[in-house]
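Peer 1:
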Amino acid sequence: MTRPEDALAAPEEPADLLLTNARIYTSDARRPNASAVAIRGKTIVFVGESRDRAVASLVGARTRVVDVRGRAIVPGIVDAHTHPSLVLTRWHLALPAGGDVRGQLRHLQAYAEEHPPAEVPFIYAEYYDSDGVWGPGGPSAAIIDEYVSDRPVLMQDSSDHAATINTRMLELLEVDASTPIAPNPNDHAMQFERGADGVTPTGHVLEGAWTLFADRMWQKIGWAPPTRATPELLSTFIDALSSQGVSALFDAITDEHLLGSAAELERRGRLNMHYHGAVQFSSLDDLSDAISEVRRLEARFGSPLIRVNALKLFLDGTNEIGTSSVLEPFALEGHEHDHGVLRMGRDDLVEAMRILNGERIDLHLHVVGDNGFRVALDAVEQARATAGAAWALQVTLAHAELVDPEDMKRVAGLGVFINWTCHWSGGYFGLGAAAWLGWDRFVRMYQFNAIIRSGGVVSYGSDVVSDYEAHRADPYFGMQIAHTRLDPEETLGPSRGTVPGTSMREAPDARISREDLLDGYTRNGALQLRLGDRLGSIEEGKHANLAILNQDPMTVDPDRIRDTAPDAVLFEGALIRGEFPDLPDVSDPHRSAGGRKRTRGTAGAEGDE
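630 is the number that the numbering used here gives the last residue of the sequence shown; the numbers go up by one with no jumps.
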């Protein structure tokens, strides 16, 4: 529905800004390419060719005409699944990358020796590889104790769904043989693993089970981690994204503090981002409370830029630690009858969808395994059939790492959105999933082209959860990896699981085209956030959210896509990054297109080196 403020003014009224001689990728199927765009206020009033007769009528005495000299212009990017709360993790200890667990433990030990418990009472270290070699017994408190035992220590698994803690931390949490393996009755995936005796906790913890008892530890050590992201802190991540041309994000697990800081940034005129968020729930038992929280947060913080109108549910876990929900049993020895963890059954999921459809609150599902994916589709199918014409729920399946080919064909017909994390498409998680799934299923992971070809809507997001990986939120970094199946930071080989003789992840036909990547990062992301009426494409009547780029990501060499960066960014018609005057000609052979060296840490801290 067109809103009054979006209505087009009379055709003869001049534009405020006219960009000409561009290579515009509109993400509008009716007009995929153009060379000129005119903007009045925050609204796009013309998209076409620079030579069109209509262009002259749009130029008035106050119209700013900018020749962009052949530059590529793209719609504002939508990061449709991310975690701004990562700004609270800067106190974490970053471990050296790679699979050398003992080397990481020595790094941990050196850090502890330099920082006594009085200075650092709790060490949170990230990450060790899911397939890293700890020893015959696997990850354990006893191994960490060999290096640090004078304070609580947590080492986070690279999947971010498991951790290993030392004995001192188990003691402070008061976790022992009497503690239930799965202490949360609403989420049996949260577990303290047991040793060979079936009784003694090993220190290996799944799905954040330790957080259930964390307050005990904080009280005893007289310290607790920061929980409130100030506007200044949040702005570091927001500004980094907007400088990369991101116009909207979906905060997959939001809270009052994050939204409050976003609202304050909006009040100051510094948000420059559509900020949408979801509240987490885990079962039908806490669904009502979660709905109430959505209503409360939306009433308090809802604005033209901020919305809270979705719930997040973890339907399963991850492949790397054997908590995904799979159709066929795992291949790992000792788990031949194990199908993983389904955190909500189909009947309960159907009921949750029925309730949310009535509440007009959307559902965002974390789903990794092929059984979890099928259960989600089956639930949508049943809930849709029951609701009939009253069906309005928008369901997004995030991750979808392993999908049965037959289920790929069902996505479009059920109107389900798929959200993928592009920078995972190479070797980011190593070979840990292969141990659980076997090589045949490992090769079938991360495949979305069949869904796209059948008409399914696939959006993309960064899903960065810590400061350690914040730089990987750059959408062009993600595009390069999804297009090449090669991660410039985390290579796979050559090894089994890669195209023979290369480090390209199998299978090569799973590489996503640049056109589909751009559409997914723009138009499809906007549709997922219900913002398709105002952004996601460059077309008349929509808001002017776009970026003028330093190079053309659609034609540059595949291994240079990640060097793409905006020279200028418009948000809601306003220039918020860069400038127009004296834009260098992109044909200048002496002009560098980037070559940025990426380092782990805050996205905003990246620089050209």
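From the three backbone atoms N, C-alpha and C, an ideal C-beta is built for every residue, glycine too.
Since the structure is predicted, the reported quantities are computational estimates derived from the model, not experimental observations.
#1: Please name the residue, chosen from Ile342, Ser483, His564, Ile502, that lies closest to Leu227 on a Cα-to-Cα basis.
#2: To test your reading of the DSSP string, which unbroken beta strand (DSSP E) runs of 3 or more residues are found completely within the stretch 248–309?
#3: Is the beta carbon of Gly120 closer than 8 angstroms to that of Gly153?
#4: Quick one, which of Phe143, Asp150, Ile60, Asp208 has its alpha-carbon nearest Leu191's?
#5: Grab me the residues of Asp609's own chain with a C-beta within less than 8 angstroms of its C-beta, minus the 5 sequence neighbours each way, in chain order.
#6: Under the three-state reduction of DSSP, which class applies to Arg215: helix, strand or coil?
#7: Taking the beta carbon of Asn330 as the centre, do at least 16 other beta carbons fall within 10 Å, making it buried, or is it exposed?
#8: Hey, Asn187 and Ser170: beta-carbon distance below 8 angstroms or not?
#9: Would you identify the three-state DSSP class for Glu70, choosing helix, strand or coil?
#10: Which two residues bound the contiguous alpha helix (DSSP H) that contains Tyr132?
#11: Given a threshold of 16 other Cβ atoms within 10 Å of its Cβ, counted over all protein chains shown, does Ala245 qualify as buried or as exposed?
#12: Check whether the stretch 536–552 and the stretch 58–66 are in contact - that is, three or more C-beta pairs closer than 8 angstroms.
#13: Given a threshold of 16 other Cβ atoms within 10 Å of its Cβ, counted over all protein chains shown, does Pro96 qualify as buried or as exposed?
#14: Within the continuous beta strand (DSSP E) that includes Arg85, where are the two ends?
#15: Three-state secondary structure (DSSP) at Ala564?
#16: Take the Cβ of Ser263 as the centre, count every other Cβ of all protein chains shown within 10 Å, and call the residue buried at 16 or more, exposed below.
#17: Could you pull out every residue in the same chain whose Cβ sits closer than 8 angstroms to the Cβ of Arg237, ignoring the five residues on either side in sequence?
#18: Checking 8 angstroms against the spacing of the C-beta atoms, do Gly451 and Arg526 come in under that value?
#19: How is Ala31 classed by DSSP in three states: helix, strand or coil?
#20: For Arg375, which residues in the same chain have their Cβ closer than 8 angstroms to its Cβ, ignoring the five residues on either side in sequence?
#21: Once the 5 residues before and after Ser151 are set aside, which same chain residues still bring their CB inside 7 angstroms of it?
#22: Between which residues of its own chain and Asp307 is the CB-CB distance below 8 angstroms, once the five residues before and five after are set aside?
#23: Between Ile60 and Ala36, how many whole angstroms is the CB-CB distance? I'm expecting something under 8 angstroms.
#24: Mind listing, in chain order, the continuous beta strand (DSSP E) runs of no fewer than 3 residues lying wholly within the stretch 360–411?
#25: Going by DSSP, what residue range makes up the beta strand (DSSP E) through Pro222?
#26: DSSP state of Glu147, grouped into three classes?
#27: Hey, is the stretch 509–527 in contact with the stretch 276–287, meaning 3+ C-beta pairs nearer than 8 angstroms?
#28: Give, in chain order, every unbroken run of the beta strand (DSSP E) that is at least 3 residues long and sits entirely within the stretch 312–339.
Peer 2: Put simply:
#1: For the purposes of this step, residue 227 is taken as the residue at position 206 of the sequence shown. Of Ile342, Ser483, His564, Ile502, the residue nearest in Cα terms is Ile342.
#2: 267–272, 295–301
#3: In the sequence shown, the residue the question calls residue 153 occupies position 132. In the sequence shown, the residue the question calls residue 120 occupies position 99. Result yes, Cβ atoms of Gly153 and Gly120 sit closer than 8 angstroms.
#4: Translated into the one-based positions of the sequence shown, residue 191 becomes position 170. Of the listed residues, the one whose Cα sits closest to Leu191 is Phe143.
#5: Translated into positions along the sequence shown, residue 609 becomes position 588. Residue confidence is low: Asp609 scores 45 on pLDDT, short of 50, so the model does not pin down where it sits. Its coordinate-derived value is still stated next. There are no such residues.
#6: On the sequence shown, position 194 is the one that residue 215 refers to. Strand.
#7: Translated into the one-based positions of the sequence shown, residue 330 becomes position 309. Flag for Asn330 reads buried.
#8: Working through the sequence shown from its first residue, we reach residue 187 at position 166. Working through the sequence shown from its first residue, we reach residue 170 at position 149. Contact: yes.
#9: Mapped onto the sequence shown, residue 70 falls at position 49. Three-state result, Glu70: coil.
#10: Taking the sequence shown and counting its residues from 1, one reaches residue 132 at position 111. Segment 122–135, the alpha helix (DSSP H) holding Tyr132.
#11: As a working note, residue 245 is residue 224 in the sequence shown. Flag for Ala245 reads exposed.
#12: no
#13: Taking the sequence shown and counting its residues from 1, one reaches residue 96 at position 75. Buried, since its Cβ has 16 or more Cβ neighbours within 10 Å.
#14: Translated into positions along the sequence shown, residue 85 becomes position 64. Run containing Arg85: 85–88, per the beta strand (DSSP E) assignment.
#15: In the sequence shown, counting from the first residue as 1, residue 564 sits at position 543. Looking at the sequence itself, residue 564 is His, so the reference to Ala does not match. It is a strand residue.
#16: Reading the sequence shown from its first residue, position 242 is the one you call residue 263. When all chains shown are included, Ser263 counts as buried.
#17: Position 216 of the sequence shown holds residue 237. Contacts found: Leu193, Leu194, Glu195.
#18: For the purposes of this step, residue 451 is taken as residue 430 along the sequence shown, with counting starting at 1. For the purposes of this step, residue 526 is taken as residue 505 along the sequence shown, with counting starting at 1. Not closer than 8 angstroms, so no.
#19: In the sequence shown, counting from the first residue as 1, residue 31 sits at position 10. Residue placement at Ala31 cannot be trusted, given a pLDDT of 43 that sits under 50; the coordinates are not used to answer.
#20: Residue mapping note: residue 375 aligns to position 354 of the sequence shown, counting from 1. Hits under 8 angstroms: Ala404, Thr407, Ala408.
#21: By 1-based counting over the sequence shown, the position of residue 151 is 130. Answer for Ser151: Asp178, Ser179, Ser180, Glu341, Ile342, Phe450, Gly451, Gly453, listed in chain order.
#22: Taking the first residue of the sequence shown as 1, we reach residue 307 at position 286. Result list for Asp307: Asn207, in chain order.
#23: Along the sequence shown, one-based indexing puts residue 60 at 39. Along the sequence shown, one-based indexing puts residue 36 at 15. Indeed, because the Cβ distance is near 6 angstroms, the residues count as touching under 8 angstroms.
#24: 383–388
#25: To locate residue 222, count along the sequence shown from 1; it is residue 201. Segment 222–227, the beta strand (DSSP E) holding Pro222.
#26: The residue you call residue 147 lines up with position 126 of the sequence shown. Glu147 falls in the strand class under three-state DSSP.
#27: no
#28: 327–335
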